[in-house]
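Below you'll find the structure, written out as C-alpha cells, and then a few comments.
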Amino acid sequence: MDDRHRRACAKPDRAVTAKIRNAVDADADRLARLGAETFIATFGHLYAAKDLNAFLAKNHTVDVYRSLLADPEFMVWIAETDAGEAVGYAVAGPSSLPVSDPGPHSGELARLYLTKEAQGAGLGARLLEVALEFLRDRFERIYLSVYAENAHAQRLYRRYGFVKIRDYFYKVGDHLDPEWIMELKPA
30 MDDRHRRACA KPDRAVTAKI RNAVDADADR LARLGAETFI ATFGHLYAAK DLNAFLAKNH
90 TVDVYRSLLA DPEFMVWIAE TDAGEAVGYA VAGPSSLPVS DPGPHSGELA RLYLTKEAQG
150 AGLGARLLEV ALEFLRDRFE RIYLSVYAEN AHAQRLYRRY GFVKIRDYFY KVGDHLDPEW
210 IMELKPA
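Structure follows, in C-alpha cells:
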C-alpha cells in the first residue's frame with residue numbers, strides 16, 4: 030500500500046464518539062443551525078450566495094425542523110457528543126422523490142449530515158442504520174438522493190444495498206444539482 034493510499038484510508042486521529050437519539054421539538058433550533066452548517070461545509074462552495082441563501086431559507090429554518098418533528102410520518106435523529114455538541118442528524122419519512130411507480134408505501138432517507146469532525150468514525154453508518162430500521166418498519170420501498178459527485182456517500186449507501194436507479198436534478202435556489210436517486214434493494 031503506498032503512502033498516499035494509507036493516508037486516504039486512515040481513521041481520524043481523534044474519533045468523535047456520539048450517541049444518537051430521537052430529536053424533539055426543543056432541538057429545532059440546533060437542527061436548523063446544524064443543517065445549515067453541514068450543508069454549507071459540504072456543498073456551499075458549489076453555489077452562488079443568492080442560491081445558497083434561498084435554499085437555506087427554504088430548507089434549514091427552525092420552522093422547517095419544527096414541522097418535521099411534529100409530523101408523525103417523519104422521524105428525525107440527532108447525534109451528540111458526551112458534551113452535548115450536535116455533530117450529525119438524519120431525517121426519514123415518506124418519499125417525495127420523482128421515481129417511476131413508487132407505490133403507495135415508499136419511504137426516503139431525506140437527510141443525513143455530519144460535521145467534518147464527526148466524519149470517518151462510523152457515525153454516518155450508525156445514523157443510516159437507525160434510519161433504515163425506521164423506514165423498513167413502515168415502507169415497502171426505500172429511496173434516497175445523493176449528489177452525483179459525492180463518491181464517499183455513494184459507497185456508504187452501496188454497502189447497505191442501495192443501487193442507483195436514475196439521474197435527477199435537485200434545485201438549490203436557481204441552481205440545478207446533478208444527483209442520483211438510489212433505491213434499497215431487498216436483501
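Each residue of the sequence shown is one higher than the one before, counting from 30 in this note's numbering. A virtual CB, placed ideally from N, CA and C, is assigned to each residue, including glycine. On a predicted model such as this, the values are computed, not experimentally measured, just so you know.
Of the residues the options, the one placed nearest residue i, counting alpha carbons only
i	options	result
E208	T46, E102, L126	L126
H181	A61, L63, V128, T71	T71
H134	L161, E169, T110, V105	E169
F198	L60, H89, A177, V192	A177
N88	Y76, R62, A77, I49	R62
G122	K193, F84, T110, R167	R167
D203	A112, L143, F84, V175	F84
V45	N82, D111, A52	D111
N179	D92, D130, L75	L75
E102	E137, A86, N82	E137
Nearest-angstrom beta carbon gap, residue j and residue i [assumed within contact, 8 Å]
i	j	result
L98	D58	Not really, about 11 Å apart at Cβ, beyond 8 Å.
I210	R195	5 Å
Cβ-Cβ distance between residue i and residue j below 7 Å
i	j	result
E212	Y172	yes
Y94	L141	no
D80	V201	yes
Query raised in the report: Are at least three pairs of beta-carbons, each pair with one atom in the region 147-163 and one in the region 112-123, less than 8 Å apart?
Result: yes
Query - Those runs of the beta strand (DSSP E) which lie wholly inside the region 77-132 and span at least 3 residues - result: Listed in chain order, the complete beta strand (DSSP E) runs (minimum 3 residues) inside the region 77-132 are 104-109, 115-123.
Query raised in the report: Is the region 158-167 in contact with the region 98-112, if contact means three or more CB pairs nearer than 8 Å?
Result: Contact check between the region 158-167 and the region 98-112: three or more CB pairs, one atom from each, fall below 8 Å, which counts as touching.
Query raised in the report: If you scan the region 123-204 from start to end, which runs of the beta strand (DSSP E) of 3 or more residues do you find wholly inside it?
Result: Annotation: the region 123-204 contains the following complete segments of the beta strand (DSSP E) (minimum length 3 residues), in chain order: 135-143, 170-176, 191-201.
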